[in-house]
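Taken in order, the sequence shown gives residues 109 to 458; the numbers are from our numbering.
Positions of the beta carbon are idealized from the N, C-alpha and C atoms, including for glycine.
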Amino acid sequence: KRRVILASVIATLFAIQSTSSFAANLKPTYLLPSSSAVSLKVLATAGDRFAGTVIKGIPDGMGAHMNGNQMTILSVFEHSTSNPFVKTGESTSKPWGASITQFNFSPRLRAFTQADNDFIKSINFWNYTQGKWVTDPTNSGPANSPTGTFGWGINRFCSANLVPAGTFLYKDGNTTLGYDGALFFSGEEAGDASRAFAFEMDGTGYQFPRMGMASWENLVTNPKPGRNTVVLGNEDGSATNSHLHMYVGTKTTSGNAFEKAGLNNGKLYVLNVPAAANDNVFRTTIGKNKATPATFKEVNWNQSVSDFDKSVTEAGSEFARIEDGEWDPNNPNVFYFLTTESNKDPIATA
């Protein structure tokens with residue numbers, strides 16, 4: 109429940125009045141109160157300045173943790189590498205495009221006191237041919253990767269998930285497995301060649317190759333303690349070709365933070381509903397509030413983009429754009445997710 113409450117606090121932080129926010133009263137309100145006793149006003153939005161740093165877009169996926177008597181908030185921005193303004197920052201030596209901003213929030217002042225648009229300090233990219241980490245992603249993608257993918261440009265981070273410190277630790281007798289810090293997950297939402305990423309709190313990033321490639325909405329780690337590390341990936345692709353991915357790895361005592369957390373030694377699976385090959389069949393033959401058998405089928409993550417997409421389509425049930433999902437806080441064996449499109453509904457697809 110603490111996790112759910114914290115998420116609610118984060119969601120409303122950008123809708124609280126603050127004297128440090130520039131012309132806050134003139135900003136649009138993104139949330140509407142359900143009670144007349146509640147008044148919501150914007151705390152920060154695109155174009156505001158904090159200690160000289162300009163918020164360069166509308167915040168998207170977020171995560172937060174307490175840092176002493178301050179709160180640290182991380183927010184991604186869904187910037188496209190094809191946007192003319194974003195392309196002015198194009199680089200051949202460092203990550204550019206979608207970004208993460210670190211905000212410092214004072215609970216006492218109820219205000220942001222600082223922002224840093226350069227949270228990402230470095231990224232360990234995965235070279236599919238060499239099978240190892242590289243610091244330069246040039247030509248690191250699978251064979252025959254589409255032009256403009258798997259490079260320095262980070263294309264459209266969408267939702268995000270901050271996994272609290274301690275989640276990736278597991279005590280096995282006298283041996284402590286895993287990584288003790290927090291990790292912030294997000295992924296590119298830019299087609300079938302999109303990459304998943306995780307970041308330490310010092311801004312060190314890691315590509316998540318074994319999660320596969322998809323137009324990611326979010327990557328949500330299972331909070332249940334255990335030797336295994338489980339991450340579900342929501343694919344927000346087309347109405348007829350989106351899937352739910354599941355990564356299962358094992359926590360270790362060696363390697364970098366990402367490897368210790370069990371995120372680079374596991375297998376990849378995709379959700380399969382035997383009675384429903386796709387969303388339309390699910391709606392018409394199964395319907396609402398009815399249980400139906402489901403399983404996960406293993407797929408090979410280490411393929412070309414086109415072969416991987418083909419294998420996922422063959423193994424999994426197709427859903428209509430899987431948006432955000434969340435584990436049940438009272439039962440970590442249950443995961444809820446939403447689809448947000450129907451290709452049978454002309455209004456939804458207009």
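Note down the Cα distance separating Arg-157 from Ala-273, rounded to an integer number of angstroms. As a first step, residue 157 is located in the sequence shown; it is residue number 49 there, counting from the start. As a first step, residue 273 is located in the sequence shown; it is residue number 165 there, counting from the start. Their Cα atoms are separated by approximately 30 Å.
Can you name, in chain order, every residue of its own chain whose Cβ lies under 7 Å from the Cβ of Pro-250, other than the five neighbours on each side? The count along the sequence shown starts at 1 and reaches residue 250 at position 142. Taken in chain order, the residues that qualify are Tyr-236, Gln-411, Ser-412 and Val-413.
Per DSSP, which residues does Gly-424 bridge with? Please list them. Counting from 1 along the sequence shown, the entry for residue 424 is found at position 316. For Gly-424, which the question treats as bridged, DSSP gives no partner whatsoever.
Grouping DSSP H, G and I as helix and E and B as strand, with all else coil, what is Gly-171? Within the sequence shown, residue 171 is the residue found at index 63, counting from 1. DSSP places Gly-171 in strand when its eight states are reduced to three.
Using DSSP bridges, identify the partner residues of Ala-322. Along the sequence shown, read from residue 1 onward, the residue named residue 322 stands at position 214. Ala-322 is not bridged to any residue.
On a CA-only basis, which of Lys-375, Glu-422, Val-420 and Pro-331 is nearest Asn-59? Give me that one, please. Here the chain has residues from 109 to 458 only, and residue 59 is not among them.
Taking the alpha carbon of Trp-234 as the reference point, which residue from Thr-246, Asn-225 and Phe-227 has its own alpha carbon closest? Reading the sequence shown from its first residue, position 126 is the one you call residue 234. Ranking the options by Cα distance to Trp-234, first place goes to Thr-246.
Over what stretch of residues does the beta strand (DSSP E) that includes Phe-307 continue unbroken? The count along the sequence shown starts at 1 and reaches residue 307 at position 199. Looking at the DSSP string, the run of the beta strand (DSSP E) that includes Phe-307 is 304-307.
Using the C-alpha atoms, what's the distance from Val-146 back to Met-321? Residue 321 sits at position 213 when you count from the first residue of the sequence shown. Residue 146 sits at position 38 when you count from the first residue of the sequence shown. Each residue's Cα considered, the two are about 43 Å apart.
When you compare only the Cα positions, how much space is there between Asn-133 and Leu-139? Translated into positions along the sequence shown, residue 133 becomes position 25. Translated into positions along the sequence shown, residue 139 becomes position 31. Here the model assigns Asn-133 a pLDDT of 48, short of 50, so the residue's position is not dependable, and the following value carries that caveat. When rounded, the distance between both Cα atoms is 14 Å.
Contact check, Leu-182 vs Gly-171 under 8 Å by CB: the rounded distance? Counting from one through the sequence shown, the residue named residue 182 turns up at place 74. Counting from one through the sequence shown, the residue named residue 171 turns up at place 63. Confirmed, about 5 Å.
Mapping the DSSP letters down to three states, classify Pro-317 as helix, strand or coil. On the sequence shown, residue 317 is found 209 positions in, with the first residue counted as 1. Helix, per DSSP.
Quick check on Phe-130: buried or exposed, where buried means 16 or more other Cβ atoms within 10 Å of its Cβ? Numbered from its first residue, the sequence shown carries residue 130 at position 22. Because Phe-130 carries a pLDDT of 40, less than 50, the predicted location of this residue cannot be relied on, and the following value inherits that uncertainty. Phe-130 comes out exposed.
Is the beta carbon of Lys-368 closer than 8 Å to that of Ser-358? For the purposes of this step, residue 358 is taken as residue 250 along the sequence shown, with counting starting at 1. For the purposes of this step, residue 368 is taken as residue 260 along the sequence shown, with counting starting at 1. According to the sequence displayed, residue 358 carries Thr and not Ser. Cβ distance not < 8 Å, so Thr-358 and Lys-368 don't count as in contact.
In the structure shown, what three-state DSSP assignment does Asp-432 receive? Counting from 1 along the sequence shown, the entry for residue 432 is found at position 324. Strand.
Decide if Gly-395 is buried, meaning its Cβ has at least 16 other Cβ atoms within 10 Å, or exposed. By one-based count along the sequence shown, residue 395 stands at place 287. Gly-395 should be labelled exposed.
Here's a check: name, in chain order, each residue in its chain whose Cβ is nearer than 6 Å to the Cβ of Ser-190, leaving out the five neighbours to either side. Residue mapping note: residue 190 aligns to position 82 of the sequence shown, counting from 1. Closer than 6 Å at the Cβ level, and outside the excluded window around Ser-190, lies no residue.
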